[in-house]
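Chemist: This is the structure, below, for whatever I ask next.
2 protein chains.
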Amino acid sequence: MTDSVRIAPRSGIAFELPKGAALTVIDPEGSQVADLLAYSLADVREVISNGRTFDYEETLYLTAGNRLWSNRSNPMLTIIEDSVGRHDFLLTPCSTATFVHFYPDKPVHRGCFGNLAEALRPWGVTEDDIPTAFNVFMNVPVDGTNGRIEVLPPVSKPGDHITLRAEMDCVIGLTACSAYASNGGSFKPIEFQIG
Amino acid sequence: MTDSVRIAPRSGIAFELPKGAALTVIDPEGSQVADLLAYSLADVREVISNGRTFDYEETLYLTAGNRLWSNRSNPMLTIIEDSVGRHDFLLTPCSTATFVHFYPDKPVHRGCFGNLAEALRPWGVTEDDIPTAFNVFMNVPVDGTNGRIEVLPPVSKPGDHITLRAEMDCVIGLTACSAYASNGGSFKPIEFQIG
């Protein structure tokens with residue numbers, strides 16, 4: 001297992017995760033979100049897909065035992081540990097456009113979308129290649145009666161983690177989220193380890 | 001308004017829909033699903049996004065008054081009429097892989113995914129450019145407590161329809177669904193009009 005790497009508040013990073021390696025994402029201070037993307041290292045047009053994952057896992061709430069599937073119907077990551085049990089795969093990364101839309105009175109930030117685009121560019125990933133992210137620790141309850149969704153502060157406590165095993169050689173994008181709503185208005189770091 | 005065009009069972013079609021035009025999708029026999037995709041005619045890398053739509057519309061159950069947004073945060077289609085009120089934007093088009101997964105004892109079909117890929121090819125759309133479709137009339141209730149989803153027969157009756165207005169020049173992909181579960185095991189046609 002590597003030492004923990006710290007992702008500074010409102011920033012992002014990308015790195016390669018070989019098949020069989022395990023990525024542990026840690027919320028060091030609690031109640032923070034990390035947007036996670038995974039691309040096939042062999043061809044970055046293969047990428048995690050919330051629709052394919054919902055198809056095959058038959059649930060919106062993904063936790064230990066569930067897999068994240070690609071747009072080509074291949075398993076990319078398996079969740080092998082999860083001390084939180086609440087993550088989101090419905091919403092897209094916050095961006096300049098979402099800041100203008102949701103926080104018209106606050107300073108605009110390029111958000112997780114801009115951070116991911118810059119971090120993933122060396123692997124040939126463009127902005128249009130960024131799909132809905134797997135939003136680690138993000139708390140988006142769904143009302144099954146009327147379909148309404150809302151963004152609440154994460155339930156993660158300091159030190160909580162999720163561990164995902166790579167099912168193919170991957171390029172991972174990972175952020176410490178920049179949006180106000182997803183972390184209750186506090187911008188905090190994220191940490192990760194590879195083992 | 002054009003005459004109705006019929007999409008044969010288990011097939012698909014693509015066509016251009018100019019900004020301001022209205023597309024009416026009709027379920028002529030009832031309880032059938034039509035997978036709908038929309039791309040920007042100016043650049044097909046701009047495409048409908050379930051994640052951006054859930055972000056901005058704040059609901060999973062989309063009906064009259066809701067808009068379908070692109071991956072670039074632009075509105076693409078506005079639902080202006082809806083006699084059913086139950087559609088799905090969670091699940092990806094059925095494909096060879098989903099037939100093998102869900103119906104191992106039944107003949108494999110290329111599904112809506114294969115039909116959409118062939119129909120959209122003349123506009124430069126590749127298989128990897130096919131995201132989660134807006135699944136007209138598809139009935140996928142969500143259990144808000146545990147996140148479980150299931151695919152039930154559509155509640156649409158013969159002659160039910162939905163009408164969407166184009167907010168930009170679009171290329172539309174549209175199918176009469178090929179999967180067993182989404183239409184209760186009966187393969188039926190879909191019809192559409194442009195006005």
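If you read the protein sequences in the order shown, they are chains A and B. Sequential numbering from 1 applies to the first sequence in UniProt numbering. Sequential numbering from 1 applies to the second sequence in UniProt numbering. Each residue gets a CB set at the ideal place from its N, CA and C atoms; glycine is no exception. It should be emphasised that the depicted structure is a prediction, and the values quoted were computed from it without experimental measurement.
Measure the Cβ-Cβ separation of A/L37 and A/G159 and say whether it is below 9 Å.
Modeler: No; because the gap between Cβ atoms is not below 9 Å, this pair is not in contact.
Chemist: Give me the Cα-Cα distance between B/S4 and B/D27, rounded to the nearest whole angstrom.
Modeler: Straight-line Cα distance between these residues: approximately 11 Å.
Chemist: Leaving out the 5 sequence neighbours to the left and right, which residues in its chain are closer than 8 Å to A/P189 when beta-carbon positions are compared?
Modeler: So the qualifying residues of the chain are R6, I7, A8, P9, P28, E29, Q32, A176.
Chemist: Using 8 Å for Cβ pairs, my map puts A/G147 next to B/L90. What's the rounded Cβ distance?
Modeler: The pair is not a contact, with the Cβ atoms about 10 Å apart (cut-off 8 Å).
Chemist: Let me check one thing: in DSSP terms, what residues is A/Y103 bridge-paired to?
Modeler: For A/Y103, which the question treats as bridged, DSSP gives no partner whatsoever.
Chemist: Report the three-state DSSP secondary structure of A/S83 (helix, strand or coil).
Modeler: The answer is coil: DSSP assigns A/S83 none of H, G, I, E or B.
Chemist: Let me see if you follow: with CB-CB separation under 9 Å, is B/H101 close to chain A or not?
Modeler: It does: the Cβ of B/H101 has a partner Cβ on chain A nearer than 9 Å.
Chemist: Expressed to the nearest angstrom, what Euclidean distance is found between the alpha-carbon atoms of B/A64 and A/T163?
Modeler: Approximately 41 Å between the Cα atoms of the pair.
Chemist: Quick check: is the beta carbon of A/E46 nearer than 9 Å to any beta carbon in chain B?
Modeler: Chain B, which has a Cβ nearer than 9 Å to the Cβ of A/E46, makes this yes.
Chemist: Apart from the five residues just before and just after A/G2, which ones in its own chain have a Cβ nearer than 8 Å to its Cβ?
Modeler: It is worth fixing the name first, because residue 2 of chain A is Thr in this sequence and not Gly. Cβ neighbours of A/T2 beyond the five flanking positions: Q193, I194, G195.
Chemist: For B/N50, name the three-state secondary structure that DSSP assigns.
Modeler: Of the three classes helix, strand and coil, the one that applies to B/N50 here is helix, per DSSP.
Chemist: Do A/V155 and A/D88 have their C-beta atoms closer together than 9 Å?
Modeler: Not a contact, by the Cβ cut-off of 9 Å.
Chemist: Could you tell me which uninterrupted alpha helix (DSSP H) segments, each at least 4 residues in length, are contained entirely in the region 135–195 of chain B, listed from first to last along the chain?
Modeler: Within the region 135–195 of chain B, no complete alpha helix (DSSP H) run reaches 4 residues.
Chemist: Closer than 9 Å by beta-carbon distance: list the chain B residues that pair up with A/T59, in chain order.
Modeler: Chain B residues near A/T59: D143, N146, G147, R148, I149.
Chemist: From A/E16, A/T92, A/V25, A/M168, pick the residue whose C-alpha is nearest to that of A/E191; which is it?
Modeler: It is A/V25.
Chemist: Give the DSSP-derived three-state secondary structure of B/P75 in the structure shown.
Modeler: Three-state result, B/P75: strand.
Chemist: Does DSSP put A/Y39 in a helix, in a strand, or in coil?
Modeler: In this structure, A/Y39 counts as strand in the three-state DSSP scheme.
Chemist: Candidates B/V47, B/S11, B/W123, B/G20: which alpha carbon is nearest A/E127's?
Modeler: It is B/V47 whose Cα lies nearest to the Cα of A/E127.
Chemist: Mind checking if A/R52 is an interface residue toward chain B, Cβ cutoff 9 Å exclusive?
Modeler: Answer yes: the Cβ-Cβ gap between A/R52 and chain B drops below 9 Å somewhere.
Chemist: Give the straight-line distance between the Cα atoms of B/A119 and B/S49, rounded to the nearest whole angstrom.
Modeler: Going from the Cα of B/A119 to the Cα of B/S49 covers about 20 Å.
Chemist: At least one CB of chain A closer than 9 Å to the CB of B/I130: is that the case?
Modeler: Answer yes: the Cβ-Cβ gap between B/I130 and chain A drops below 9 Å somewhere.
Chemist: With the cut-off set at 9 Å, would you say residue 210 of chain A and A/F137 are in Cβ contact?
Modeler: In the structure as shown, chain A starts at 1 and stops at 195, and residue 210 of chain A therefore has no counterpart that could be examined.
Chemist: Note down, in chain order, each residue of its chain lying with its Cβ closer than 8 Å to the Cβ of B/N183, except the 5 sequence neighbours on either side.
Modeler: Only S31, Q32, V33, P153, P154, C177 meet the Cβ criterion.
Chemist: Is there a C-beta anywhere in chain B that falls below 9 Å from the one on A/L152?
Modeler: So no, A/L152 is outside the interface.
Chemist: Which residues of the region 68–102 of chain A have a Cβ closer than 8 Å to any Cβ of chain B? Give them in chain order.
Modeler: Those would be N71, R72, S73, L90, L91, T92, S95, A97, T98, H101, in chain order.
Chemist: Should A/L116 be flagged as near chain B, meaning a C-beta pair shorter than 9 Å?
Modeler: No, A/L116 lies away from the interface with chain B (no Cβ there is under 9 Å from its Cβ).
Chemist: Please report how far the alpha carbon of B/V125 lies from the alpha carbon of B/R86, in whole angstroms.
Modeler: Cα to Cα, the separation comes out at about 28 Å.
Chemist: Smallest Cα separation from B/S73: which of B/N115, B/R52, B/A21, B/A179?
Modeler: B/S73 has its Cα closest to that of B/R52, out of B/N115, B/R52, B/A21, B/A179.
Chemist: With a threshold of 9 Å between beta-carbons, can A/D105 be considered close to chain B, or not?
Modeler: No, A/D105 does not count as interfacial toward chain B.
Chemist: Do we get a CB-CB distance below 9 Å when we pair B/T180 with the residues of chain A?
Modeler: The question names Thr, but residue 180 of chain B is Tyr in the sequence shown. No, B/Y180 lies away from the interface with chain A (no Cβ there is under 9 Å from its Cβ).
Chemist: Chain B partners of A/Y39, CB-CB under 8 Å?
Modeler: Within chain B, no residue comes near A/Y39; the closest Cβ sits about 11 Å away, beyond 8 Å.
Chemist: Can you tell me whether B/E150 is buried or exposed? The criterion is at least 16 other CB atoms within 10 Å of its CB, across all chains shown.
Modeler: The residue is exposed, with fewer than 16 neighbouring Cβ atoms inside 10 Å.
Chemist: Just to make sure I have the definition right: I need the residues of chain A whose C-beta is within less than 7 Å of the C-beta of B/D55. Which are they?
Modeler: Chain A residues near B/D55: L91, T92, T98.
Chemist: Quick one: what's A/W69 bridged to in DSSP?
Modeler: According to DSSP, A/W69 bridges with A/P75.
Chemist: Could one say the Cβ of A/L62 lies closer than 9 Å to chain B's Cβ atoms, at least one of them?
Modeler: Closer than 9 Å to some Cβ of chain B, the Cβ of A/L62 qualifies, so yes.
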